[in-house]
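Engineer: According to numbering that gives the first Met the number 0, the sequence shown is numbered sequentially starting from 0.
Beta carbons are placed, not taken as given, at the ideal position from N, Cα and C, and that holds for glycine.
Quick one: this structure, given as structure tokens, is what I'll be asking you about.
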Amino acid sequence: MNFFNQVIKRVVSFSVESYFENKENIADFFSENELFQLSVLIASRSLYNDVLKDKFEKTKIPLEKYFSRAHFNPIPFGTFSSVGSLEWGAVSELSKKEGLRLKVDYDNLFVSEKYDEVFDENWKDFVYYTNPSIHFLNEKKVSFYKSEKTSGSFQTKYVELDYDENIEWLTIKFKTGATIGEVSTELVDSGFEINEIETFLLEIINAGIIISNASFFPYSRPSSLFDLKSELVEKNIFDLNDKNNIQRFIEAYVNEQNSHFVENRVNKFNIHSIASFDTQPGTIEFDIQEKILRYVNFTLKYNLNYTPVNKVLKEFGNKFYHCFNDGFVPISKVFNPYSGLKYSSIKLKNESKLPDDIIFKILSGTGGELHLSDIGDDFLIQKDKMPPSFSVIFEKLKNKNTGKEYVYFKYLGGTSALNFVSRFNHVSEALCQDIVAFEKEIFTDKIVAEVNMVSKPRATNIIPDRKYYDFCIPVNTVYAEESASVFLSDLYLRFNGADFSLVSKKHKKAIVPRVTSAVNYALSDSEIYKFLADLQFQNNEIHHVNFNLNYYKNILLPFVPRIYLGDDILLYPSQLLLVNDSFSYDEFKKYLNENINKYSFSKRIVITEEKGDVVIDVENEDQLRMLFQKLDVEKKIYISECLYDSFFPLVKDGSNHFSHEFIASVKNDDFKTQQEKIRFPEEKDDLIKSCIPIVGEWLYFDLFCNSYAVNDLMLDIYENIVLKNEIDQFFFVRYDYPENHLRARFKTASRQVKDYIITELEKIKRNGIILNYKIVPYEQENYRYGGEKLMGLTEKIFFYDSLNTITDVLKNNYDVSETYICAILKIKSYLDFFEYDIDEMIGFCEYNIESFSREFTLTQFHRKNFNKAFSEIRKMLESINYSFSIENEMDFKVEVNTSLNSSELFKYNYVSDVIHMSMNRLFDHDQRFNEFKSYFLTKCYLNQIKYSRK
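Written out as structure tokens, the structure reads:
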């Protein structure tokens with residue numbers, strides 16, 4: 000792993016020392032400090048006004064909250080904190096410059112409300128684009144998603160509309176953007192009346208066929224959209240280096256807000272969006288990179304398998320796999336509200352879990368500190384499971400008593416390092432460009448496309464003001480270039496049983512979706528947008544280990560000490576459990592003070608709130624009542640120590656220390672992108688008949704039973720159906736989604752035989768072997784298996800394999816070890832059949848072991864167990880009476896290999912799929928893990944053969 004050169008810093012505006020000096024006289028601090036006045040003004044104009052009017056009782060609590068935030072919370076918010084940048088260097092230079100640089104823009108919610116206000120008068124002046132979600136259902140009907148404004152957000156509605164030559168003309172005309180005036184002029188020249196034209200175009204706008212750049216611009220909005228006059232926005236950048244500059248800015252800010260309020264009758268004060276920057280250069284020492292890598296290794300060891308988004312994707316993939324054919328499906332069809340799938344319907348329990356060995360260490364520890372060990376060299380670090388780039392957020396601290404320095408890690412994750420830094424491109428533009436260039440190089444054979452969606456106008460304040468990648472996917476937004484836009488109508492989706500592939504039919508390339516900001520996309524109601532955003536995580540999801548015990552159920556530890564990694568990395572401050580025992584307020588105070596004294600806990604504590612952590616001074620009665628009220632509601636909470644009671648933050652201005660966060664952007668050089676040949680085979684009408692149950696040549700059943708019964712069921716089917724009828728082919732597959740069932744397919748042209756099969760299955764049902772059965776259409780997986788001809792040959796392989804599994808495995812009632820031997824010999828037989836030499840066979844097994852390692856981590860424990868299993872069965876391999884003679888079918892072998900070699904399939908993928916289906920039939924439980932293990936055992940066997948020949 001490597002690092003991008005620029006590090007982003009976020010620093011509060013007021014020092015820790017300022018907090019202790021002024022915490023008893025916050026109202027006086029407000030009166031005397033212009034920067035704090037400005038911070039409160041930007042955050043809440045109403046609070047600012049009330050403080051100026053000396054409404055002490057009304058303003059005391061909210062002012063205390065803002066005072067605490069201004070001293071302890073570096074997350075960007077107006078002028079409470081500022082954002083700057085550093086570079087890696089030999090030593091750290093972390094001084095804080097007095098003064099700020101402000102960037103003033105319009106608040107996007109204000110712009111949106113202003114658009115609504117002036118639409119009736121100015122609607123003809125805006126530039127409109129064709130709705131990017133338009134999709135043809137057929138020649139006479141189109142569908143699209145319309146975004147309607149409702150109380151500060153956009154609601155997505157699905158619309159189907161008749162398509163005629165008028166709609167066609169309009170969609171073409173607005174494809175690259177046009178004003179109503181331009182279109183009206185052309186229609187007037189064609190003989191239409193202006194009133195008729197404008198009425199029609201208004202209907203088109205209201206229907207959602209065309210959208211305006213005022214409401215649906217994906218980046219920053221140009222102020223020229225409206226007749227807005229703002230000297231602050233026009234100047235844009237302000238350097239506030241002294242009290243006079245700050246005071247002048249406050250006056251201009253208040254005057255401008257008042258002017259807009261009076262002249263435009265705006266019902267809110269949030270006219271401006273203000274970001275605060277620090278222009279002070281600096282460096283941070285290279286030695287921290289080694290600590291970051293240690294923290295990454297720690298995270299990978301303990302949280303590699305915590306992948307909640309991938310679990311949702313996999314569950315959705317199972318639904319997708321059972322609803323659509325195996326080729327690429329238009330994404331508009333997948334999410335069609337009438338007949339498609341609903342991504343948000345996937346509700347899985349993905350509770351994170353604190354690792355058991357860490358809990359045991361906490362329980363067995365004594366004292367106020369817990370030191371976890373660094374990850375040893377023997378641990379297999381699977382960095383290929385991490386994103387191509389990601390962010391690590393940390394703070395530098397110095398112990399007040401010992402003088403020892405620590406790095407306190409707060410966060411690791413993201414789908415791209417761009418997420419956390421693009422918002423600050425005023426100071427991070429070079430870093431953003433480097434991240435994009437690195438990811439484009441990694442995905443050189445694919446298209447990286449920004450997913451653009453406006454769901455909440457105010458949320459777009461934290462979206463970057465420009466496009467970074469070459470392409471975009473406009474979900475509900477306008478677009479700059481049609482050629483660089485991948486429209487929803489061009490997106491196709493496929494699920495191969497493990498992963499999704501998203502491709503552009505136009506470009507014949509895979510698409511890598513990117514949301515280029517830290518916006519909370521889960522708040523959108525667009526199913527497609529949420530899916531595309533989650534798809535970023537596929538196979539590269541990582542989350543930091545969360546030591547905040549408020550996020551875990553049923554962990555009741557009265558006290559948790561500070562947790563360190565080694566002796567120089569802080570993972571989390573100490574925590575204290577508070578439980579509500581129906582206390583009165585006085586009883587609660589006594590209970591809290593007793594526990595603080597018992598565990599030598601800090602007088603400043605931190606509580607977890609929905610919008611972030613809040614610092615509470617337990618010596619402040621008003622703040623203490625807030626804690627009491629919270630405990631009264633939640634009954635059980637963990638509070639954590641405020642670290643600044645014991646540590647100095649190491650961003651300094653003379654003798655003053657400032658709370659801060661550094662964002663390091665990491666390059667994952669071990670990231671591997673997967674390749675896939677993209678084919679869009681044409682559908683043939685004459686294939687439709689073969690899919691129809693009973694009428695087609697294949698009769699296909701879902702047989703529902705417990706997994707315990709499947710082997711007996713297959714023996715019953717073989718003896719009472721297959722052997723007693725002239726059936727051309729048959730094969731079976733085991734499934735456990737959405738419930739356990741067996742899929743059995745019979746090929747016969749005889750209606751009499753079909754009737755017989757159905758009658759026998761009804762008998763099996765009545766005998767209690769199956770609960771129920773369904774006759775379903777059989778849609779051949781022509782995409783997966785290389786087209787119609789190779790699909791037919793593959794079905795014959797499945798036929799041979801099914802017969803072999805029943806007659807030579809199930810009938811012999813093999814135990815676990817004997818079944819693994821059958822798996823080894825069967826895999827080798829397939830590799831012989833597909834003409835691999837011994838080295839190619841070993842390489843093939845390694846390829847599949849690596850593929851399965853994305854799902855099942857190949858730990859030292861697994862290696863040891865697998866090697867032990869092979870040593871136990873190696874002598875039995877030559878003595879067991881089992882064979883799979885498919886490799887002896889020479890004519891068939893030639894025909895299959897010739898057809899495979901002339902197809903567009905990757906041979907490895909095709910052979911892996913064939914063996915995958917074989918292992919599915921062979922094992923009656925944990926099929927995927929047993930397939931993984933079988934490849935490992937087969938590799939051992941092949942190595943034994945290879946080296947015994949020498």
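Take every Cβ of the region 462-471, pair it with every Cβ of the region 438-450, and state whether three or more of those distances are shorter than 8 Å.
Structural biologist: Because the criterion of three Cβ pairs below 8 Å is met, the region 462-471 and the region 438-450 touch.
Engineer: Which one or two residues does DSSP pair with Asn771 in a beta bridge?
Structural biologist: Stepping through the sequence shown from its first residue, residue 771 is reached at position 772. According to DSSP, which records beta bridges pairwise, Asn771 is partnered with Phe703.
Engineer: Can you check DSSP and say which residues form a bridge with Ile562?
Structural biologist: Indexing the sequence shown from 1 puts residue 562 at position 563. In DSSP, Ile562 forms a bridge with Leu369, Tyr571.
Engineer: Taking Cβ to Cβ, would you say Val295 is nearer than 8 Å to Ala663?
Structural biologist: By 1-based counting over the sequence shown, the position of residue 295 is 296. By 1-based counting over the sequence shown, the position of residue 663 is 664. Cβ atoms of Val295 and Ala663: not closer than 8 Å.
Engineer: Below 6 Å CB to CB, which residues in the same chain sit around Tyr18 once its five sequence neighbours on both sides are set aside?
Structural biologist: As a first step, residue 18 must be located in the sequence shown, where it is residue number 19. Result list for Tyr18: His70, in chain order.
Engineer: Comparing C-alpha positions only, which one of Pro131, Val126, Asp727, Phe334 sits nearest to Thr951?
Structural biologist: Here the chain has residues from 0 to 949 only, and residue 951 is not among them.
Engineer: Using a Cβ-Cβ cut-off of 6 Å (strictly less than) and excluding sequence neighbours within five positions of Asp800, which residues of its own chain qualify?
Structural biologist: Taking the first residue of the sequence shown as position 1, residue 800 is located at position 801. Excluding sequence neighbours, Asp800 sits near Ser917.
Engineer: Do you know offhand how far Tyr550's Cα is from Asp580's?
Structural biologist: Counting from 1 along the sequence shown, the entry for residue 550 is found at position 551. Counting from 1 along the sequence shown, the entry for residue 580 is found at position 581. So the two alpha carbons sit approximately 21 Å from each other.
Engineer: Using only the alpha-carbon positions, how far apart do Ser132 and Arg927 sit?
Structural biologist: In the sequence shown, counting from the first residue as 1, residue 132 sits at position 133. In the sequence shown, counting from the first residue as 1, residue 927 sits at position 928. Each residue's Cα considered, the two are about 38 Å apart.
Engineer: Helix, strand or coil for His656 per DSSP?
Structural biologist: Mapped onto the sequence shown, residue 656 falls at position 657. In the structure shown, His656 sits in a strand (DSSP, three-state: E or B).
Engineer: Which value, in whole angstroms, describes the spacing of the CA atoms of Val182 and Gly413?
Structural biologist: Stepping through the sequence shown from its first residue, residue 182 is reached at position 183. Stepping through the sequence shown from its first residue, residue 413 is reached at position 414. Approximately 44 Å, taken between the alpha carbons.
Engineer: Would you give the residue range spanned by the alpha helix (DSSP H) that Trp168 belongs to?
Structural biologist: Mapped onto the sequence shown, residue 168 falls at position 169. Trp168 -> alpha helix (DSSP H) spans 164-172.
Engineer: Can you look up Asn451 in the DSSP assignment and give me helix, strand or coil?
Structural biologist: Along the sequence shown, read from residue 1 onward, the residue named residue 451 stands at position 452. Strand, per DSSP.
Engineer: Mind checking whether Lys397 and Leu303 have CB atoms under 8 Å apart?
Structural biologist: Numbered from its first residue, the sequence shown carries residue 397 at position 398. Numbered from its first residue, the sequence shown carries residue 303 at position 304. Not a contact, by the Cβ cut-off of 8 Å.
Engineer: To the nearest angstrom, how far is it from the Cα of Phe627 to the Cα of Lys602?
Structural biologist: The residue labelled residue 627 in the question sits at position 628 within the sequence shown. The residue labelled residue 602 in the question sits at position 603 within the sequence shown. Roughly 15 Å between the two C-alpha positions.
Engineer: How is Asn893 classed by DSSP in three states: helix, strand or coil?
Structural biologist: The count along the sequence shown starts at 1 and reaches residue 893 at position 894. Reading off the sequence, residue 893 comes out as Val, not Asn. Three-state DSSP puts Val893 in a helix.
Engineer: Nearest CA to the CA of Pro648: which residue from Phe661, Tyr637, Ile636, His861?
Structural biologist: Within the sequence shown, the letter at position 649 stands for residue 648. Checked all of Phe661, Tyr637, Ile636, His861; the closest Cα to Pro648 is Phe661.
Engineer: Given this structure, state the Cα-to-Cα distance separating Arg561 from Lys863, to the nearest angstrom.
Structural biologist: Within the sequence shown, residue 561 is the residue found at index 562, counting from 1. Within the sequence shown, residue 863 is the residue found at index 864, counting from 1. Taking the straight line from one Cα to the other gives about 35 Å.
Engineer: Kindly indicate which three-state DSSP category Tyr47 falls into: helix, strand or coil?
Structural biologist: As a position in the sequence shown, residue 47 is number 48, starting the count at 1. Correct three-state label for Tyr47: helix.
Engineer: Let me check understanding here. Comparing Cα to Cα, which of Ser870, Asn592, Glu609 lies closest to Asn619?
Structural biologist: Looking up residue 619 in the sequence shown gives position 620. Ranking Ser870, Asn592, Glu609 by Cα distance to Asn619 puts Asn592 first.
Engineer: Would you check if there are 3 or more beta carbon pairs closer than 8 Å linking the region 241-248 to the region 195-210?
Structural biologist: Touching, no, given that fewer than three Cβ pairs across the two stretches are closer than 8 Å.
Engineer: Can you tell me whether Leu487 is buried or exposed? The criterion is at least 16 other CB atoms within 10 Å of its CB, across all chains shown.
Structural biologist: Here residue 487 is taken as the residue at index 488 of the sequence shown, counted from 1. Buried is the call here.
Engineer: What's the C-alpha gap between Glu718 and Lys746?
Structural biologist: Position 719 of the sequence shown, counted from the start, is the residue given in the question as residue 718. Position 747 of the sequence shown, counted from the start, is the residue given in the question as residue 746. C-alpha separation (whole angstroms): 17 Å.
Engineer: Under the assumption that Lys310 contacts Leu340 (Cβ atoms under 8 Å), give the Cβ distance between them as a whole number of angstroms.
Structural biologist: Locating residue 310 in the sequence shown gives position 311, counting from the first residue. Locating residue 340 in the sequence shown gives position 341, counting from the first residue. Contact doesn't hold; Cβ gap of about 17 Å is too wide.
Engineer: Comparing C-alpha positions only, which one of Ile774, Arg68, Ala509 sits nearest to Asp760?
Structural biologist: Mapped onto the sequence shown, residue 760 falls at position 761. It is Leu, not Asp, that sits at residue 760 in the sequence shown. It is Ile774.
Engineer: Hey, how far is the Cα of Ile771 from the Cα of Gly496?
Structural biologist: Position 772 of the sequence shown, counted from the first residue, corresponds to residue 771. Position 497 of the sequence shown, counted from the first residue, corresponds to residue 496. It is worth fixing the name first, because residue 771 is Asn in this sequence and not Ile. Rounded to the nearest angstrom, the two C-alpha atoms are 25 Å apart.
Engineer: By the three-class DSSP mapping on this structure, what secondary structure does His543 have?
Structural biologist: The residue given as residue 543 occupies position 544 in the sequence shown. Note: His543 maps to coil in three-state DSSP.
Engineer: Could you give the DSSP three-state label for Val265: helix, strand or coil?
Structural biologist: Sequence index remark: in the sequence shown, residue 265 carries index 266 (1-based). Only weak support is given to the placement of Val265: the predicted model assigns it a pLDDT of 47, under 50, and the value that follows is read from those uncertain coordinates. Three-state result, Val265: coil.
Engineer: For Glu633 versus Ser573, is the C-beta distance shorter than 8 Å?
Structural biologist: Along the sequence shown, read from residue 1 onward, the residue named residue 633 stands at position 634. Along the sequence shown, read from residue 1 onward, the residue named residue 573 stands at position 574. Cβ atoms of Glu633 and Ser573: not closer than 8 Å.
Engineer: If you follow the beta strand (DSSP E) that Tyr144 is part of, which residue opens it and which one closes it?
Structural biologist: Position 145 of the sequence shown, counted from the start, is the residue given in the question as residue 144. Its beta strand (DSSP E) spans residues 140-149.
Engineer: Would Glu284 and Gly88 be called neighbours here (beta carbons separated by less than 8 Å)?
Structural biologist: For the purposes of this step, residue 284 is identified with residue 285 of the sequence shown, where counting begins at 1. For the purposes of this step, residue 88 is identified with residue 89 of the sequence shown, where counting begins at 1. Yes, Cβ-Cβ distance for Glu284 and Gly88 is below 8 Å.
Engineer: Around the Cβ of Trp697, are there at least 16 other Cβ atoms within 10 angstroms (buried) or fewer (exposed)?
Structural biologist: Here residue 697 refers to the residue found at position 698 when the sequence shown is read from its first residue. Burial call: buried.
Engineer: Is it buried or exposed, Glu63, if we count other Cβ atoms within 10 angstroms and call 16 or more buried?
Structural biologist: In the sequence shown, the residue the question calls residue 63 occupies position 64. Buried, by the Cβ-count rule.
Engineer: Is Tyr563 closer than 8 Å to Leu369 when the C-beta atoms are compared?
Structural biologist: In the sequence shown, counting from the first residue as 1, residue 369 sits at position 370. In the sequence shown, counting from the first residue as 1, residue 563 sits at position 564. Their beta carbons are under 8 Å apart, which means Leu369 touches Tyr563 by this criterion.
Engineer: Excluding the five sequence neighbours on either side, which residues of its own chain have a C-beta within less than 6 Å of the C-beta of Gly375, listed in chain order?
Structural biologist: Here residue 375 refers to the residue found at position 376 when the sequence shown is read from its first residue. So the list is empty, once near-sequence residues are dropped.
Engineer: With DSSP as the reference, label Arg927 as helix, strand or coil.
Structural biologist: In the sequence shown, the residue the question calls residue 927 occupies position 928. Of the three classes helix, strand and coil, the one that applies to Arg927 here is helix, per DSSP.
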